[in-house]
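Student: Protein chains in written order, with numbering that gives the first Met the number 0: chain R, 0 to 384; chain V, 0 to 332.
Ideal Cβ positions, reconstructed from N, Cα and C, are used throughout, including at glycine.
Since the model is a prediction, treat every value here as computed from it, not as a measurement.
Would you mind keeping the following structure in view while I ask a few things?
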Amino acid sequence: MSSLLDAFRLTALPEHAEAFRAEVKHFLAAHLPRVSADVRARSWTGFDAAFSRELARRGWVGLTLPQAYGGAGLDAFSRFVLVEELLSAGAPVAAHWIADRQSGPLILKFGSDAQKDFYLPRICAGQAFFCIGMSEPNSGSDLASVRSRATRCEGGWRLSGRKIWTTNAHHADYMIALVRTSGAPEDRQSGLSQFIIDLKQPGISIRPIVDLAGDAHFSEVAFDDVLLGEDALVGEEGSGWKQVNAELAFERSGPERFYSSVVLLDLWADTLRRNGASAAETALLGSFITQLTSLRNLSLALTALLAKGESPVVEAALVKDIGTEFEQAIPAAIAASISADPDAPVDEELYRTVAYLNQVAPTFSLRGGTREILRGMIARGLGLR
Amino acid sequence: MFTEAIEKILTDLCTPAQVRAVENGDCASALWRELEDGGFLELLTPEVADGAGLSLAAVFPIFLAFGRHALPLPVAQSIAARALMRDCPHAPPTGMLSLAGTAYREADGRLCAPRMAYGALADFALVNLGGELLLLDCSQAQRVRSGVHGSQCATLYWPQDAEGISLGSNGSEVRLFSAAIHAAAIAGAMEKALDMTLEYCNDRVQFGKAIGKFQAVQHQLSVMAEQVAASRIAAELAFASNATVPDALATAIAKARTSMAVPQVTATAHALFGAIGVTEELDLQLFTRRLQEWRVSEGSETHWNGLVGQALLAQPQVGASEFVRNVIPSQPA
Ligand SMILES: Cc1cc2nc3c(=O)[nH]c(=O)nc-3n(C[C@H](O)[C@H](O)[C@H](O)COP(=O)(O)OP(=O)(O)OC[C@H]3O[C@@H](n4cnc5c(N)ncnc54)[C@H](O)[C@@H]3O)c2cc1C
């Protein structure tokens, strides 16, 4: 049996994580902004700094970071529960999302003591929002070809180049960027390094990009000879590629890879409860639940590996690919179902939510690595490359 | 320990040649005897009744292996029958026992079990007759093969006066257990089909390289692997409860999810094998024919997804996330 699939064994959430769920539900009952479903459907692209700070007050930003830094010191299972509850409620989590999922753990793992002492408490307090600067105008899937370059200078580095599609760059305090520090684009993975960049310093211009749904959640960021101190380099010079890849299992295996349409799913189920459901609608709804159950168990199996300190990168690619296909299928199928009869009334909120998700659904399988790239990784894991 | 022992028996005796022989009328007596004499039919029988007293979770890998070897005998069904007959004064009869999740009386009073799995060779049947659990002797029945090539399904008709032995009112558990067994068998057979396809794509050369080096082929295999992983973990869920019989909702999800994957998995395997894949000679067909049959046996994904949908709609205020989390109320840690 191909060993890639051996990771996927049914795993139960430990009791402490389930117990934590009650606290999260309690919090959401009091603090979830009362907005309509099409707004809640923005979930992890919905930006609300005040909401993120409320979470931070409970230690739930930087949940897995050590308590010494203001984190909650909880494990990957607890984070799974928190994320699951936030996403299924449609909570606006974008402000702290990147810092909590990626930047905090990255700084903890590769940062200097001074960097940890500076950034981690701010992340946990909801005072430092982060963005990830990887993609560039000419480097998308082929990330190793990035051209932004930092060159050594007296007292630090000088950075020039451009990043694009940077989620929340226009709201964020810091970017962790992957840039070239030696060699040329032809040198590929070697010669890349990661920097923490304070986005308020001179030489940086940030231009939000409006998407097809009218939202501006990502930006283009230009660096024009920006001066970075010695302490901006995170981890080792030249190890950027390795460091970026270390977080991929966290980035791709979580519930955010199959819950993006869950607000719609719940809204539609409510509508069916109210108006009655045909056999076909009931079976379609059931098929979503069936798939969701299986996906959640795949994701939980990887959470158990993450909790043990393993890094199941290829397995995570598998979960993300099948998970995003599922979250894309939901609005497509519900649109067909609610408009099957042109004479039947359609609930306006439901209509807007379906329409919004169908507009943005293509992004589900672009952000965090495209379908084709993930399938290539899985194929390698299957021994084909 | 049981899993390894059974795996060895299957490897030695449940060869592709043996599977073909059974499809052509052989009764695989050596293979059956080995499993029966080894006490492997009593895996779910409590220890106080001289069984192995295994949990459902512990038999799951065994049922998976049955699918992986295209086991042409109702062994999983015979094991399950002993669990279903747990409270009966009657000892399970010796011989091959299969399960019929559906049965009804014809207008003329005959009792019909349509397209029963392994109906072509079962000695006895545990039948769900509108909720009543009946044990029937298949030698008294007229067997009508489905006419599908190689299928071991048969519709059984018992005469009006064949009452069978009424064992209780847990007849609906027959369909549940049978569906759960099918889910495990599908997952196992898919694992085998994936392995065979991967191996073939690494070996078969066209345009000067292994076809597995072509990106279009790689991506199809990646998707196939995703479907296999999703199916297997769904099937496992049906066997995750501590009860004697698979949980109703978990089984519905297991049978639905595995059945949903069948068209894509079988289509991909055959597409990548090319013409040789559809030949009698190649073993792939032993698995893909079964996958097609098992998908519809005891109800396709449409039936089981319908039940899952009904279960969700019956719970006001419950969201999808909460619902899926509580499919098995207390999963073993
Ligand atoms: C909503 C959203 C948020 C994002 N947020 C961020 C962020 O915060 N930070 C960041 O750095 N980036 C971000 N991105 C960018 C994202 O990572 C890229 O879109 C992604 O990596 C693909 O790059 P690209 O868009 O340039 O497409 P390209 O790489 O140009 O790909 C175009 C098409 O070609 C295919 N393709 C490319 N190479 C191959 C190959 N070898 N084989 C087969 N097919 C191939 C791709 O799969 C795709 O279908 C975000 C994107 C979106 C949509």
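Leaving out five residues before and five after V/R104 in sequence, what residues of the same chain have Cβ atoms less than 7 angstroms from its Cβ?
Tutor: Scanning its chain for C-beta atoms nearer than 7 angstroms, with the 5 sequence neighbours on each side dropped, one finds around V/R104 the residues L110, in chain order.
Student: With a threshold of 7 angstroms on Cβ separation, who are the neighbours of R/R57 within its own chain once the five nearest residues in sequence on each side are excluded?
Tutor: F26
Student: In this structure, does DSSP put R/M174 in helix, strand or coil?
Tutor: Strand.
Student: Spatial neighbours of R/M133 within its chain, please: C-beta separation below 8 angstroms, excluding the five flanking residues on both sides.
Tutor: Only L142, V145, K162, A176, L177 and V243 meet the Cβ criterion.
Student: Is the Cβ-Cβ distance between V/A79 and V/I210 less than 8 angstroms?
Tutor: no
Student: Taking a Cβ distance cut-off of 7 angstroms, strictly less, list which residues of the stretch 307-322 of chain V are near chain R, in chain order.
Tutor: V307, G308, Q309, L311, L312, P315, G318, A319, S320 and F322
Student: Would you identify the three-state DSSP class for R/M0, choosing helix, strand or coil?
Tutor: Legend: pLDDT at R/M0 = 45, less than 50; position of this residue unreliable, no value from coordinates given.
Student: Run through chain V and tell me which residues come within less than 8 angstroms of R/A300, C-beta to C-beta.
Tutor: Listed by position along chain V, the residues whose Cβ is nearer than 8 angstroms to that of R/A300 are I232.
Student: Are V/L53 and V/L63 close, meaning C-beta to C-beta below 8 angstroms?
Tutor: no
Student: Where does V/A242 sit, in a helix, a strand or coil, going by DSSP?
Tutor: In this structure, V/A242 counts as coil in the three-state DSSP scheme.
Student: Let me know the secondary structure DSSP gives V/I327 once reduced to three states.
Tutor: The answer is coil: DSSP assigns V/I327 none of H, G, I, E or B.
Student: In angstroms with no decimal places, state the Cα-to-Cα distance between V/K417 and V/E198.
Tutor: With chain V covering 0 to 332 only, the question about residue 417 of chain V has no answer from this structure.
Student: Which residues, in chain order, does the stretch 20-32 of chain R contribute to contact with chain V at a C-beta distance below 9 angstroms?
Tutor: R20
Student: In this structure, how does DSSP classify R/Q66 when only helix, strand and coil are distinguished?
Tutor: It is helical.
Student: Taking 7 angstroms as the line, does the beta carbon of R/M133 fall inside it for any heavy atom of ligand 1?
Tutor: yes
Student: State the DSSP-derived secondary structure class of R/F217, mapped to helix, strand or coil.
Tutor: It is a strand residue.
Student: Short of 8 angstroms in beta carbon distance, which residues of its chain neighbour R/G375, apart from the five on each side in sequence? Order them along the chain.
Tutor: R384
Student: Closer than 8 angstroms is the cut-off here; do at least three beta carbon pairs connect the stretch 87-105 of chain V with the stretch 119-131 of chain V?
Tutor: yes
Student: Identify, in the order they occur along the chain, each residue of the same chain with its Cβ nearer than 8 angstroms to the Cβ of V/A319, setting aside the five sequence neighbours on each side.
Tutor: L311
Student: Is there contact here, the stretch 251-261 of chain V with the stretch 292-310 of chain V, by at least three beta-carbon pairs under 8 angstroms?
Tutor: yes
Student: Does the stretch 276-296 of chain V touch the stretch 310-324 of chain R, meaning 3 or more C-beta pairs lie closer than 8 angstroms?
Tutor: no
Student: Which term fits V/A332, buried or exposed, when burial requires 16 or more other beta carbons within 10 angstroms of its beta carbon?
Tutor: At V/A332 the pLDDT is 41, less than 50, meaning the model places this residue with poor confidence; the figure from the coordinates comes in the next sentence. Looking at its Cβ environment, which holds fewer than 16 other Cβ atoms inside 10 Å, V/A332 is exposed.
Student: Taking 8 angstroms as the threshold (beta carbon to beta carbon), is R/L3 in contact with chain V?
Tutor: yes
Student: Return the Cβ separation of R/L284 and R/A268 in integer angstroms, given the expectation that the two are a contact with Cβ distance under 8 angstroms.
Tutor: 6 angstroms
Student: Identify every run of the beta strand (DSSP E) within the stretch 136-214 of chain R, keeping only runs that are complete inside it and at least 3 residues long; order them along the chain.
Tutor: 148-152, 155-166, 173-179, 191-197 and 203-208
Student: Counting only Cβ-Cβ distances shorter than 8 angstroms, please list the residues of the stretch 290-315 of chain R near chain V, keeping chain order.
Tutor: Of all residues in the stretch 290-315 of chain R, only Q290, L291, T292, S293, L294, R295, N296, L297 and A300 come within less than 8 angstroms of chain V when Cβ atoms are compared, listed by chain position.
Student: Given a limit of 7 angstroms on CB to CB distance, which residues of the stretch 267-281 of chain R reach chain B?
Tutor: No chain B appears in this structure, whose protein chains are R and V.
Student: Considering only their Cβ atoms, is the gap separating R/F249 from R/R379 smaller than 8 angstroms?
Tutor: no
Student: From V/L132 to V/T243, what does the alpha carbon distance come to, in whole angstroms?
Tutor: 16 angstroms
Student: For ligand 1, I want to know if R/T166 counts as a neighbour, meaning its beta carbon is within less than 7 angstroms of at least one of the ligand's heavy atoms.
Tutor: yes
Student: Check each candidate in R/Q188, R/F129 and R/D112 and name the one with the smallest Cα separation from R/W169.
Tutor: Per the sequence presented here, residue 169 of chain R reads as His, with Trp not at that position. Ranking R/Q188, R/F129 and R/D112 by Cα distance to R/H169 puts R/F129 first.
Student: Pull up the DSSP beta-bridge partners for V/N127, would you.
Tutor: V/L132
Student: Tell me, which residues are paired with V/W303 by DSSP?
Tutor: In the DSSP output, where bridge partners are listed per residue, V/W303 has none listed.
Student: When you compare the CB of R/M0 with every CB in chain V, is at least one pair closer than 8 angstroms?
Tutor: Note that R/M0 scores a pLDDT of 45, beneath 50, so its modelled location is shaky; the value from the coordinates is reported in the next line. Answer yes: the Cβ-Cβ gap between R/M0 and chain V drops below 8 angstroms somewhere.
Student: Specify the secondary structure class of R/K307 as computed by DSSP and reduced to three states.
Tutor: Note: R/K307 maps to coil in three-state DSSP.
Student: Could you name each continuous beta strand (DSSP E) segment of 3 residues or more that falls completely within the stretch 164-191 of chain V, going from the start of the chain to the end?
Tutor: 164-167
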